[in-house]
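Peer 1:
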Amino acid sequence: MQQKRSELMVLFSINKSAEGEMKVSEISRYLHVKAPTVTQLINELESKGQVERITRSTDRRSVWIRLTNEGKKALQEVEKEVQAKYNGLIDYLGEQETVVFIETLKKMQEYFLHQMNEEQRD
5 MQQKRSELMV LFSINKSAEG EMKVSEISRY LHVKAPTVTQ LINELESKGQ
55 VERITRSTDR RSVWIRLTNE GKKALQEVEK EVQAKYNGLI DYLGEQETVV
105 FIETLKKMQE YFLHQMNEEQ RD
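In this note's numbering, the protein residues as written are 5 to 126.
#1: Let's test the definition: count the other Cβ atoms within 10 Å of the Cβ of residue 54 and tell me whether it reaches 16, buried, or not, exposed.
#2: So within the segment 14-58, which uninterrupted alpha helix (DSSP H) runs reach at least 4 residues, ignoring any that extend past its ends?
#3: Which of the three DSSP states, helix, strand or coil, is assigned to residue 61?
#4: Are there 16 or more other CB atoms within 10 angstroms of the CB of residue 78, so buried, or fewer, so exposed?
#5: Below 8 Å on the Cβ atoms is my guess for residue 18 versus residue 69; work out the distance and round it to an integer in Å.
#6: Can at least three beta-carbon pairs, one atom from the segment 5-24 and one from the segment 42-50, be found at a separation below 8 Å?
#7: Nearest-angstrom Cα distance between residue 96 and residue 57?
#8: Which whole runs of the alpha helix (DSSP H) in the segment 72-98 are 4 residues long or more, in chain order?
#9: Do you know how far the Cα of residue 91 is from the Cα of residue 110?
#10: So what does residue 69 bridge to, in DSSP terms?
#11: Is the distance from the Cβ of residue 59 to the Cβ of residue 66 below 8 Å?
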């Protein structure tokens, strides 16, 4: 089943959360999109059986979203595809160019993190 990129972003967000569950508002903030957009994506993912809505007995007003086994399986499939593409890239570049490429990516990440920190201070 082909997964939309936006759906994958929601699945990855929930998967990365410390509790394995997130509120729609938290997903919205994390992805920098409006809550109605996230709600629509959650509805689509729920219809595919990849997420479920849960409430807690301590606060029935709050609805939490968590991955189902089907959602976890979808993420695992995507991770396998990505790994295969990286392996193909490594084979294509060779060991030496791969090392240089990775070092360049690390430097780029450091640069962009620094830029983001500077912008937040201003």
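For every residue, glycine included, the Cβ atom is placed at its ideal position computed from N, Cα and C.
Peer 2: A quick look at the data gives this:
#1: buried
#2: 28-35, 39-51
#3: coil
#4: buried
#5: 6 Å
#6: yes
#7: 43 Å
#8: 73-97
#9: 18 Å
#10: 26, 57
#11: yes
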